[in-house]
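Here the sequence shown is numbered in our numbering, starting from 1 and rising by one per residue. Below: the structure, in structure tokens.
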Amino acid sequence: MIKTKTAFGIAASVALALPVMAFAAADQETAMKDPNNWVHPRGQHNNQGYSTLAQINKGNIKNLKMAWTFATGVNRGHEGSPVVVGNMMYLVSAFPNNVYALDLNDNQKIVWSYFPKQDPSVQAVLCCDNVTRGLGFGDGKIFLQQNDGMLVALDAKDGKKIWEVKNTDPKVGATNTNAPHVIKDKVLTGCSGAEFGVRCFIQAYNIKDGSTAWKAYSTGPDAETLHDANTNKDNPLYNALSVYQDVNGGNKEGGSFKRLEASQIKGGEKELGTRTWLKPQAIKDGWQHGGGSVWGWWPYDAKTNLVYYGAGNPSVWNPDVRPGDNKWSMTVTARDLDTGIAKWAMQMTPHDEWDYDGVNEVILFDKGGKTYAWHHDRNGFAYTWNAVTGTLIAAEKVHPFVNWAADVDLKTGVPSKDGRYSTHQDYNAKGICPAALGTKDQQPAAYSPKTGLMYSPLNHVCMTYEPVESKYVAGQPWVGATLTMFAGPDGVMGGFAAYDPMTNKKVWYNKEKFSAWSGALTTATDLVFYGTLDRWFKAVDAKSGKELWKFQVGSGAIGNAFTYGNKGKQYVGIFSGIGGWAGVAMNLGMTSDTDALGAAGGYKELTKYNAAPGGGALNVFAL
1 MIKTKTAFGI
11 AASVALALPV
21 MAFAAADQET
31 AMKDPNNWVH
41 PRGQHNNQGY
51 STLAQINKGN
61 IKNLKMAWTF
71 ATGVNRGHEG
81 SPVVVGNMMY
91 LVSAFPNNVY
101 ALDLNDNQKI
111 VWSYFPKQDP
121 SVQAVLCCDN
131 VTRGLGFGDG
141 KIFLQQNDGM
151 LVALDAKDGK
161 KIWEVKNTDP
171 KVGATNTNAP
181 HVIKDKVLTG
191 CSGAEFGVRC
201 FIQAYNIKDG
211 STAWKAYSTG
221 PDAETLHDAN
231 TNKDNPLYNA
241 LSVYQDVNGG
251 NKEGGSFKRL
261 EASQIKGGEK
271 ELGTRTWLKP
281 QAIKDGWQHG
291 GGSVWGWWPY
301 DAKTNLVYYG
311 AGNPSVWNPD
321 VRPGDNKWSM
331 TVTARDLDTG
341 IAKWAMQMTP
351 HDEWDYDGVN
361 EVILFDKGGK
371 TYAWHHDRNG
381 FAYTWNAVTG
391 TLIAAEKVHP
401 FVNWAADVDL
411 KTGVPSKDGR
421 YSTHQDYNAK
431 GICPAALGTK
441 DQQPAAYSPK
451 TGLMYSPLNH
461 VCMTYEPVES
471 KYVAGQPWVG
481 ATLTMFAGPD
491 GVMGGFAAYD
501 PMTNKKVWYN
511 KEKFSAWSGA
521 LTTATDLVFY
531 GTLDRWFKAV
541 DAKSGKELWK
551 FQVGSGAIGN
561 AFTYGNKGKQ
571 YVGIFSGIGG
581 WAGVAMNLGM
591 TSDTDALGAA
601 GGYKELTKYN
611 AAPGGGALNV
621 FAL
């Protein structure tokens with residue numbers, strides 16, 4: 001019999017046993033050592049989305065059944081995953097970001113709940129969809145990043161507020177959708193709002209009281225982006241003023257940017273967060289409204305004390321308004337956790353012309369005694385760096401349909417753009433692949449140390465893209481582009497694939513009718529779990545990709561698959577509740593092909609598989 005709990009139960013008072021802490025977040029470090037827990041938004045600090053639990057395997061996966069469900073009471077898109085510590089599970093809904101603590105030893109009884117009071121108008125400035133991506137845990141606290149910018153620390157035992165701090169201001173279009181990341185004595189959070197001309201950042205707060213430890217902007221002077229004389233010392237060509245021959249916008253016929261060879265690039269330049277924003281037409285100093293949102297999942301390496309993250313697209317989407325490379329948007333950065341100073345930073349899409357938002361997760365893995373950082377960018381390339389130095393090891397297209405660039409120079413990190421797919425104001429560029437959704441959106445990939453492979457959800461979507469004039473008004477959308485989207489040449493809109501991260505060559509590939517929009521999970525028994533927009537929760541063989549099991553949940557899945565153990569039994573679960581960019585149009589009843597920046601037209605068939613709005617439910621399975 002399936003047990004279903006609702007979010008409207010009566011809260012009870014149950015003590016939560018936590019270890020005595022010798023230092024901040026010692027409880028988190030202790031909990032991470034037990035594979036029965038799921039403590040970090042992606043399981044562990046390495047972001048691998050991997051579990052050593054082995055009860056569920058290829059031999060018995062056919063017997064996996066629904067164990068219990070929990071309805072959040074919010075019928076919208078649900079991303080991320082719960083946090084599991086011992087017998088307690090903590091989960092958060094989409095806006096208004098209600099938090100629940102469930103006792104796994106007592107039929108998922110609601111121990112406490114927290115209901116934020118947020119202005120409903122915040123939803124109007126959230127992009128894309130009113131989602132949140134999970135909670136943080138450490139120092140006896142549950143951390144909630146509300147959509148309205150408020151970072152809240154709650155007592156893990158009873159849900160009482162310990163401290164709160166305002167991180168962003170929705171009145172100017174700045175919001176938050178990321179999960180707070182607890183690392184040692186700090187909690188990290190980000191900033192969303194590039195589509196409103198917000199200058200975004202990553203910020204570290206002291207876990208005890210919420211005071212600021214450091215703040216690093218995505219654009220602006222070195223003193224504010226926290227770049228110093230040693231940033232990129234191992235790869236000085238990453239610090240170049242320009243990496244293309246024509247930095248001033250090119251021409252409407254295409255061929256606007258020809259890549260400079262490594263020998264032609266002058267490295268070691270300073271103040272690139274301002275100098276690469278050349279005479280914008282709309283704003284005198286374009287970097288002041290430069291975008292560079294930060295809202296993905298961020299790994300940490302204790303050996304080097306480095307935390308890694310990606311920064312998103314520059315504002316505005318019309319590239320003619322902001323000539324130049326537009327650093328440090330579209331960049332993966334490694335920063336010292338204690339100071340925030342950038343160890344290295346590589347821009348993946350200089351002068352982004354397509355909204356190839358660079359926020360996707362970084363995953364750390366070890367091979368041959370070295371640690372590597374892997375990133376599947378929305379621009380259609382997968383990147384592997386030496387995690388310590390930032391030296392680029394491999395950069396390859398994840399699928400042949402990617403056409404905006406031919407390749408990436410391993411010495412400079414610069415893509416060779418194809419001018420036929422360049423974009424310019426009042427010019428309708430056609431057949432650009434991938435679409436602004438990217439070949440993978442924010443849904444995180446997973447890594448298996450057993451197979452040595454990365455497992456990545458995929459979008460196979462192309463687009464037309466026409467930049468248009470758009471004036472900046474604080475708090476109003478500032479996009480400046482009209483898009484339509486359509487299925488790629490495979491005839492489907494998504495897939496799921498395995499890659500060798502040392503070469504980024506594809507090992508196997510499964511087609512999906514729609515984009516695979518959920519985060520992946522790998523296990524020690526060579527299983528890979530993920531969800532689909534047409535409501536399936538699937539398990540496939542990690543070595544071959546063969547489908548082994550599937551279950552149709554109540555709504556499309558954009559949450560991250562996760563696993564935990566309780567009383568000797570392994571459970572796997574996923575949030576259902578369609579939303580995100582692919583589902584927001586359906587949830588809001590948008591019908592024009594260009595609505596939701598083209599997503600309404602591209603994903604109109606989703607209405608055949610989902611009811612709107614998408615329901616928010618946690619689905620948990622066991623043998």
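Note that beta-carbon positions come from the ideal geometry of N, C-alpha and C, so glycine has one too.
{"query": "Contact check, residue 624 vs residue 306, beta carbons under 8 Å", "result": "The displayed coordinates of the chain run from 1 to 623. Any statement about residue 624 would go beyond what the structure contains."}
{"query": "Three-state class that DSSP yields for residue 121 in the structure shown", "result": "helix"}
{"query": "Opening and closing residue of the beta strand (DSSP E) in which residue 55 lies", "result": "No beta strand (DSSP E) holds residue 55; DSSP gives it neither H nor E."}
{"query": "Exposed unless 16 or more other CB atoms sit within 10 angstroms - verdict on residue 189", "result": "buried"}
{"query": "The region 258-269 contacting the region 315-324, beta-carbon criterion three pairs below 8 Å", "result": "no"}
{"query": "Option in 104, 437 and 196 with minimal Cα separation from residue 472", "result": "196"}
{"query": "Beta-carbon proximity check, residue 459 vs residue 502, cutoff 8 Å", "result": "no"}
{"query": "DSSP three-state assignment for residue 331, whether helix, strand or coil", "result": "strand"}
{"query": "Under the three-state DSSP convention, the category residue 289 falls into", "result": "helix"}
{"query": "Spatial distance of residue 624 from residue 404 (CA atoms)", "result": "Because the chain in this structure spans residues 1 to 623, residue 624 falls outside the shown range and cannot be described."}
{"query": "Same chain, Cβ closer than 8 Å to residue 126, five either side skipped, listed in chain order", "result": "95, 147, 175, 177 and 192"}
{"query": "Contact check, residue 80 vs residue 560, beta carbons under 8 Å", "result": "yes"}
{"query": "Assigned secondary structure, residue 620 (DSSP; H/G/I helix, E/B strand, else coil)", "result": "strand"}
{"query": "Inter-residue spacing [alpha-carbon to alpha-carbon] between residue 326 and residue 85", "result": "42 Å"}
{"query": "Extent of the continuous alpha helix (DSSP H) to which residue 32 belongs", "result": "26-32"}
{"query": "Backbone secondary structure at residue 255 - three-state DSSP", "result": "Any reading at residue 255 is ruled out, since the residue's pLDDT is 46, under 50, leaving its predicted position unreliable."}
{"query": "Among 300, 297 and 273, nearest to residue 288 - alpha-carbon criterion", "result": "273"}
{"query": "According to DSSP, residues forming a beta bridge with residue 348", "result": "Its beta-bridge partners do not exist; DSSP assigns none."}
{"query": "Beta carbon of residue 440 nearer than 8 Å to that of residue 457", "result": "yes"}
{"query": "Segment contact, 8 Å Cβ cut-off, at least three pairs: the region 350-370 with the region 207-221", "result": "no"}
{"query": "Which of helix, strand or coil DSSP assigns to residue 264", "result": "helix"}
{"query": "Limits of the beta strand (DSSP E) - the one that residue 224 falls within", "result": "No beta strand (DSSP E) contains residue 224, which is instead part of the alpha helix (DSSP H) from 222-225."}
{"query": "Beta-carbon spacing of residue 510, residue 480 below 8 Å", "result": "no"}
{"query": "Terminal residues of the alpha helix (DSSP H) in which residue 272 lies", "result": "272-275"}
{"query": "Where residue 417 falls, given that 16 or more other Cβ within 10 Å makes a residue buried", "result": "buried"}
{"query": "Cut-off 6 Å between Cβ atoms - residues of its own chain near residue 430, not counting five sequence neighbours on either side", "result": "464"}
{"query": "Continuous beta strand (DSSP E) stretch holding residue 115: start and end", "result": "It is not in any beta strand (DSSP E) - residue 115 carries neither H nor E in the DSSP assignment."}
{"query": "Residue 185 beta carbon near the ligand MG (any heavy atom closer than 7 Å)", "result": "As presented, the structure is devoid of all ligands, the ligand MG included, so that no description of it is given."}
{"query": "Supposed contact pair residue 462 and residue 435 - C-beta distance, whole angstroms, cut 8 Å", "result": "6 Å"}
{"query": "Inter-residue spacing [alpha-carbon to alpha-carbon] between residue 470 and residue 131", "result": "26 Å"}
{"query": "Minimum C-alpha distance to residue 447 - residue among 169, 490, 499 and 410", "result": "499"}
{"query": "Within the region 513-597, ranges of the alpha helix (DSSP H) (whole runs, at least 4 residues)", "result": "580-588"}
{"query": "Closest residue to residue 209 among 163, 497 and 233 (Cα-Cα distance)", "result": "163"}
{"query": "Range covered by the beta strand (DSSP E) that runs through residue 145", "result": "141-145"}
{"query": "Other residues of its chain near residue 167: CB distance less than 8 Å, five sequence neighbours each side excluded", "result": "145, 149, 150, 151, 176, 189, 191 and 203"}
{"query": "Helix, strand or coil at residue 133 according to DSSP, with G and I counted as helix", "result": "coil"}
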